[in-house]
Amino acid sequence: MRVSNRGLKIAIGVLLGLIILSLVIYWKSISILYGHIQSLTEVSDHLETGEAFHSSVHSMLMFAKMAHESSDLSAVRKQYNVETVRSQNALKQLTGYTEKKSSQAAFSALVENTTTMAALYEQFADATKFQIEQGSRGHMHSANQSQELFDSIFHHLKRLHKHHREQREELLENTKLIWHSISWFLAIQITACVILSSFVIIYVDKVVLKKFNTTERFALHDQLTGMYNRHALSTFVDDISSDDELNADYSIILLDIDHFKNFNDQYGHDAGDAILIALGQTIEECVRKQDKVIRYGGEEILVLLPRTDKSGAVRVAEGVRKAISENRYQLSPGVAAPQVTISAGVSSADEADSFESIVKLADQRLYEAKHLGRNQVGVDTK
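Written as structure tokens, this is what we have:
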């Protein structure tokens, strides 16, 4: 799968856009839901106030009827006055609610209904008050009028309750719609996030990690030969030094191409580079996976052999020397190079107390191998 930088930018842009859009939608939805909660609270309060108003008005009617038969008219009047105050307060709350809604066309019927009910209440209050004041002398006509007015008020209260029930059902239905819309949007958002996140993950895996691995390889490997470089060697030495067991059980081979300067002068540096590359491949074939082949200098190569004693290192060095001397390298396709040989020096961890000293010892033995005729492995320092 090919993933371009442009594709990543588009994916990130869409992801950020989706996040911003989500925040806007969620904020808008929360605002609407908050408005619904406020409206439901107002409706519930209004219904409760309507019930209180109905209860007080009904009590006023009952006390007005009792005044005709009661022997303790002052007590009846006192209770009547209490209910009158309660009904007036409740009516004030009812009309206050509708006044706030008077500018909204949807509430025009409610406003008209409440206004009519308030006017009927004024008449009802006058009629019942007249009954209370007349007491046993009250006329039947006043009682009938009070009852008729109460019935009319009750009729308007029922219309008020019906309006609020419908409003509450509408608010609940709209709330459900918002909830379902948010649920669907959330599902779409999760799906989109998964797809876009997968794209980003694939990009990181295919591009970023590849670049990281390439950078890491350049940092630890010689760009010409592909062998490890001196920086990688420092890392390996640190790893060995931190492991007491490994620090006491390793060996190195330091080898150098015989007469390499003359080879470069005669055949050119490109041919010399080709021999170095091929030589590195030969050495890699002669050692284990855990062994490290490092380009130590121009034509110097160091082989680090973990968990290998000196005798084992000598066998490896001889194997490398033999493989190189028997190989016929190519300067170019169809053009064979002259025989290539190497000289090597071997040393091990039990011969010195530091890595630098071990390398120095191997270098001395390499020099002795060259001095003794080249194409051989130096083992002992004389």
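Mapping the sequence shown onto numbering that gives the first Met the number 0, position 306 (from 1) lands on 305, and the numbers just tick up by one. Glycine included, C-beta positions come from ideal geometry on N, C-alpha and C.
Thinking just about the alpha-carbon of each residue, which of SER356, ASN228, GLN265 and VAL339 is nearest to the one in VAL345? Numbered from its first residue, the sequence shown carries residue 345 at position 346. Minimum Cα distance to VAL345 is reached at SER356.
Rounded to a whole number of angstroms, what is the C-alpha to C-alpha distance between LEU17 and PHE198? The count along the sequence shown starts at 1 and reaches residue 17 at position 18. The count along the sequence shown starts at 1 and reaches residue 198 at position 199. Going by the C-alpha atoms only, they are around 15 angstroms apart.
For SER21, the three-state DSSP class (helix, strand or coil): Position 22 of the sequence shown, counted from the first residue, corresponds to residue 21. Here SER21 sits in helix by DSSP.
I'd like the list of long-range same chain contacts for HIS53, defined as Cβ closer than 6 angstroms, with 5 residues on each side in sequence excluded. Against the sequence shown, residue 53 aligns to sequence position 54. For HIS53, where only same-chain residues beyond five positions count, the Cβ hits under 6 angstroms are LEU156.
What would DSSP say about GLU41, mapped onto helix, strand or coil? Here residue 41 refers to the residue found at position 42 when the sequence shown is read from its first residue. Here GLU41 sits in helix by DSSP.
Where do the N-terminal and C-terminal ends of the alpha helix (DSSP H) with TYR382 fall, by residue? Residue numbering for the chain in the displayed model covers 0 to 381; residue 382 lies beyond these limits and cannot be assessed.
Through-space distance from SER241 to VAL2, alpha-carbon basis: As a working note, residue 2 is residue 3 in the sequence shown. As a working note, residue 241 is residue 242 in the sequence shown. Annotation note: pLDDT 47 at VAL2 (below 50); position unreliable, coordinate value reported separately. Straight-line Cα distance between these residues: approximately 41 angstroms.
VAL56 and ILE152 closer than 8 angstroms at C-beta: Reading the sequence shown from its first residue, position 57 is the one you call residue 56. Reading the sequence shown from its first residue, position 153 is the one you call residue 152. Yes, these two residues count as a Cβ contact at 8 angstroms.
Grab the span of the alpha helix (DSSP H) containing SER347 for me, first residue to last. The sequence position of residue 347 within the sequence shown is 348, counting from 1. No alpha helix (DSSP H) holds SER347; the beta strand (DSSP E) holding it covers 341-347.
If you draw a straight line from the alpha carbon of TYR328 to that of SER196, how long is it in whole angstroms? In the sequence shown, residue 328 corresponds to position 329, counting from 1. In the sequence shown, residue 196 corresponds to position 197, counting from 1. So the alpha carbons of these two residues sit roughly 51 angstroms apart.
Residue(s) in a DSSP beta bridge with GLU299: Taking the first residue of the sequence shown as 1, we reach residue 299 at position 300. Looking at the DSSP assignment, GLU299 forms a beta bridge with ASP255.
Between VAL315 and ILE252, which are expected to be in contact by the criterion C-beta below 8 angstroms, what is the C-beta distance as a whole number of angstroms? Taking the first residue of the sequence shown as position 1, residue 315 is located at position 316. Taking the first residue of the sequence shown as position 1, residue 252 is located at position 253. Sure, about 7 angstroms apart at Cβ, within 8 angstroms.
Would you check if the stretch 156-166 and the stretch 36-55 touch, i.e. whether three or more CB-CB distances between them fall below 8 angstroms? yes
Three Cβ pairs or more, each shorter than 8 angstroms: is that satisfied between the stretch 18-30 and the stretch 68-82? no
Quick check: what's the CA-CA separation for LEU60 versus ARG164? Here residue 60 corresponds to residue number 61 of the sequence shown, with the count starting at 1. Here residue 164 corresponds to residue number 165 of the sequence shown, with the count starting at 1. Rounded to whole angstroms, LEU60 to ARG164 spans 27 angstroms at the Cα level.
What ranges does the alpha helix (DSSP H) occupy inside the stretch 107-147, keeping only unbroken runs of at least 4 residues that lie completely in it? 107-133
Identify the continuous alpha helix (DSSP H) that holds SER86 and give its terminal residues. Stepping through the sequence shown from its first residue, residue 86 is reached at position 87. Element bounds for SER86: 72-99.
Compare the C-beta of GLU172 with all C-beta atoms of chain C and state if any pair is closer than 8 angstroms. Of the protein chains in the structure, only one exists, and it is not chain C.
Where does HIS67 sit, in a helix, a strand or coil, going by DSSP? In the sequence shown, residue 67 corresponds to position 68, counting from 1. HIS67 falls in the coil class under three-state DSSP.
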